[in-house]
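Numbering (the working numbering), first residue to last: 152 to 279.
Each residue gets a CB set at the ideal place from its N, CA and C atoms; glycine is no exception.
Since the structure is predicted, the reported quantities are computational estimates derived from the model, not experimental observations.
One structure is given here, and the rest of the page talks about it.
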């Protein structure tokens, strides 16, 4: 049976759900491939880090593991080879008293057959 090709919107929805799973597991090689070389990440506390710093921090996830990380893709906006994905994330890490809700906006650019994550803005909405 032939494999069905996902639409760009479906692929970005799948990719963003996968990002949560891979982040929770601290899978540095996955993100090293996914992130563009000029990637920027604005953390919920307002600090901005580049790809190298993001990957370095990700390698330390085991020191403060996620006890919960749920990803809900709200919408995907496409414009040719670029896409913006709005995501809600419920996260609870070991050092957090309670789980919190975060709004994530992720900007992707398609390079050939794969998507590269260019920018990621994370904003804490509140504790839940």
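Per the contact definition of three or more C-beta pairs closer than 8 Å, is the stretch 245-261 in contact with the stretch 175-183? no
Let's see if you can read the secondary structure: which residues bound the alpha helix (DSSP H) around residue 176? 159-176
Closer than 8 Å is the cut-off here; do at least three beta carbon pairs connect the stretch 203-214 with the stretch 229-241? no
Under a three-way DSSP split, which group does residue 248 fall into? coil
How is residue 225 classed by DSSP in three states: helix, strand or coil? Residue 225 falls in the strand class under three-state DSSP.
Can you give me the start and stop residues for the alpha helix (DSSP H) that residue 191 sits inside? That residue, residue 191, is in no alpha helix (DSSP H); its beta strand (DSSP E) goes 186-193.
Distance between residue 268 and residue 170 (C-alpha atoms, nearest Å): 10 Å
Only counting the same chain, and skipping five residues up and downstream in sequence, which positions put a Cβ closer than 7 Å to that of residue 166? 266
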